[in-house]
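Q:
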Amino acid sequence: MLAISVAGLTYSHSALVPPSLLDVCLALPKGSRSILIGANGAGKSTLLQILAGKRLVTAAGADIRVKDRDVFRDSPPGVTFLGTEWAMNPVVRSDIVVSAFLDSVGGYRHKERRDRLLDILDVDLDWHMHQISDGERRRVQLCFGLMVEWDVLLLDEVTVDLDVLVRDELLAFLKNDSETRGSTILYATHIFDGLNDFPTHVAHMRFGTFVTEPSAWPITQESSLAAQFPPATTLFTVALQWLREDKAYREALEKQGFKKTRGARRNELTTRLYHLILKRSTANMTILTKDVVHQLELNLPAISFLRDFSL
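Letter by letter, the sequence shown follows residues 1 to 311 of the UniProt record's numbering.
1. Where does residue 210 fall in DSSP's three states?
2. I believe residue 34 touches residue 28 by the beta-carbon criterion, under 8 Å. Please report the beta-carbon distance rounded to the nearest angstrom.
3. Locate the beta strand (DSSP E) running through residue 81, then write down its first and last residues.
4. Nearest-angstrom Cα distance between residue 285 and residue 212?
5. Whose C-alpha, out of 190, 165, 152, is nearest the C-alpha of residue 179?
6. Rounded to the nearest angstrom, what separates residue 17 and residue 11 at their Cα positions?
7. Please look up how many angstroms separate the CB atoms of residue 126 and residue 91, rounded, as I've assumed it's under 8 Å.
8. Return helix, strand or coil for residue 104, following the three-state DSSP convention.
9. Tell me residue 29's beta-bridge partners as DSSP assigns them.
10. I'd like the list of long-range same chain contacts for residue 65, defined as Cβ closer than 8 Å, with 5 residues on each side in sequence excluded.
11. Which residues share a DSSP beta bridge with residue 69?
12. Taking the beta carbon of residue 133 as the centre, do at least 16 other beta carbons fall within 10 Å, making it buried, or is it exposed?
13. DSSP three-state call for residue 168: helix, strand or coil?
14. Could you tell me which residues DSSP pairs with residue 156 in its beta bridges?
15. If you draw a straight line from the alpha carbon of residue 181 to that of residue 78, how long is it in whole angstroms?
16. Is it a yes or a no for the region 189-209 touching the region 232-244, going by three-plus beta-carbon pairs under 8 Å?
17. Kindly indicate the opening and closing residues of the alpha helix (DSSP H) around residue 236.
18. Within 10 angstroms of the Cβ of residue 14, are there 16 or more other Cβ atoms? Answer buried if so, exposed if not.
19. Could you tell me the boundaries of the alpha helix (DSSP H) in which residue 51 lies?
20. Mind checking whether residue 143 and residue 118 have CB atoms under 8 Å apart?
21. Give the DSSP-derived three-state secondary structure of residue 203 in the structure shown.
22. For residue 88, count neighbouring C-beta atoms within 10 Å of its own C-beta (all shown protein chains included) and say buried if the count is 16 or more, exposed if not.
23. Answer yes if the region 201-221 comes into contact with the region 38-45, meaning at least three C-beta pairs across the two stretches below 8 Å, and no otherwise.
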């Protein structure tokens, strides 16, 4: 049985920009723990938000199901999404005592599980939300989000603020929960240390598509990933190679003019001078000297049209 099923998903944040997701297809079995790997901007967060029903897909032809139910027309119960934006919410940064906060969202109804998470996450019930660090606030979020049993858990980089010990104990809790109850986890992260024994599947996203669809983990001789990596390769090594490939692919597109070039602008001083002069010439009808135009043309051939404004 599939816990998550996606077909023909294309999504754009705006009609003026390229799609963040392009014809995405995904099939994750019940009880799987899948790691999404990809550079910033690969589409991981957008995909998780759509699966959680937080972004509406209007493009025709997309079929998005969680627990075999349409996430928009027949929202399934038992789906939990935890992302990084929660800790930035002004409400959870106000003067609220953690014990009162957890009780206000029903923590007393899940006392055994709540208390276990309080121990794992090392949370002080007397903390005031406006006085604690981002990492401590993240621990409260995880306790809040995980104390109710879930069937599908969507995690978007929520362990980024945790120290190594708390993160390790949390991952052990999630793995045990998944194995015991047959629940499913889809987890996007950029931290791969200590994660090698956690997933059942790994996947690679680049520019809104799957370069490598969810593949069984760890790598064995029979694994589909064996064509790329030898058996027993660590998750960190796999992620590092995939991200290097992503960067090389993007840089090739930049050289061909299909992507805007990133990194330092070696002629940035000249570029700033150009914009300053152009702004002044437009506002004040300033006439540029031939020397200035010549210096600009040496570095920015595309603006040779400025010659028309020179003496």
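The beta carbon of each residue, even a glycine, is placed where N, CA and C say it ideally should be.
A: Let's see:
1. Within the sequence shown, the letter at position 210 stands for residue 210. Residue 210: strand per DSSP, three-state reduction.
2. Taking the first residue of the sequence shown as 1, we reach residue 34 at position 34. Taking the first residue of the sequence shown as 1, we reach residue 28 at position 28. Between residue 34 and residue 28 a beta carbon distance of about 6 Å is seen, short of the 8 Å cut, so the two are scored as contacting.
3. Here the question's residue 81 lines up with position 81 in the sequence shown. Unbroken beta strand (DSSP E) run through residue 81: 79-82.
4. As a first step, residue 285 must be located in the sequence shown, where it is residue number 285. As a first step, residue 212 must be located in the sequence shown, where it is residue number 212. Confidence at residue 285 is low in this model, with a pLDDT of 46, below 50, so its placement is unreliable and the value that follows should be read with caution. Between residue 285 and residue 212, the C-alpha separation is close to 56 Å.
5. As a first step, residue 179 must be located in the sequence shown, where it is residue number 179. Measuring from the Cα of residue 179, the nearest candidate turns out to be 152.
6. Here residue 17 corresponds to residue number 17 of the sequence shown, with the count starting at 1. Here residue 11 corresponds to residue number 11 of the sequence shown, with the count starting at 1. Here the C-alpha atom of residue 17 lies approximately 11 Å from the C-alpha atom of residue 11.
7. For the purposes of this step, residue 126 is identified with residue 126 of the sequence shown, where counting begins at 1. For the purposes of this step, residue 91 is identified with residue 91 of the sequence shown, where counting begins at 1. The distance from the Cβ of residue 126 to that of residue 91 is about 19 Å, inconsistent with a contact at the 8 Å cut-off.
8. Start at 1 with the first residue of the sequence shown, and residue 104 comes out as number 104. If DSSP states are grouped into helix, strand and coil, residue 104 belongs with the helices.
9. For the purposes of this step, residue 29 is taken as residue 29 along the sequence shown, with counting starting at 1. DSSP output for residue 29 lists 2 as bridge partner(s).
10. Position 65 of the sequence shown, counted from the first residue, corresponds to residue 65. Cβ within range, chain order: 2, 4, 5, 6, 71.
11. For the purposes of this step, residue 69 is taken as the residue at position 69 of the sequence shown. The partner list for residue 69 (beta bridge, DSSP) reads 66.
12. Mapped onto the sequence shown, residue 133 falls at position 133. Exposed, by the Cβ-count rule.
13. As a position in the sequence shown, residue 168 is number 168, starting the count at 1. The answer is helix: DSSP assigns residue 168 an H, G or I state.
14. For the purposes of this step, residue 156 is taken as residue 156 along the sequence shown, with counting starting at 1. DSSP lists 188 as partners of residue 156.
15. Mapped onto the sequence shown, residue 181 falls at position 181. Mapped onto the sequence shown, residue 78 falls at position 78. Each residue's alpha carbon lies about 12 Å from the other.
16. At 8 Å Cβ cutoff, the stretches touch.
17. What you label residue 236 is simply residue 236 of the sequence shown in a count that begins at 1. That run of the alpha helix (DSSP H) goes 235-255.
18. On the sequence shown, position 14 is the one that residue 14 refers to. The residue in question, residue 14, is exposed, as its Cβ has fewer than 16 Cβ neighbours within 10 Å.
19. On the sequence shown, residue 51 is found 51 positions in, with the first residue counted as 1. Residues 44-51.
20. One-based indexing of the sequence shown puts residue 143 at position 143. One-based indexing of the sequence shown puts residue 118 at position 118. In this structure, residue 143 sits near residue 118, with a CB-CB distance shorter than 8 Å.
21. The residue given as residue 203 occupies position 203 in the sequence shown. If DSSP states are grouped into helix, strand and coil, residue 203 belongs with the strands.
22. As a working note, residue 88 is residue 88 in the sequence shown. Classification of residue 88: exposed, given that the 10 Å Cβ count is below 16.
23. Yes: the two stretches touch, three or more of their Cβ pairs being nearer than 8 Å.
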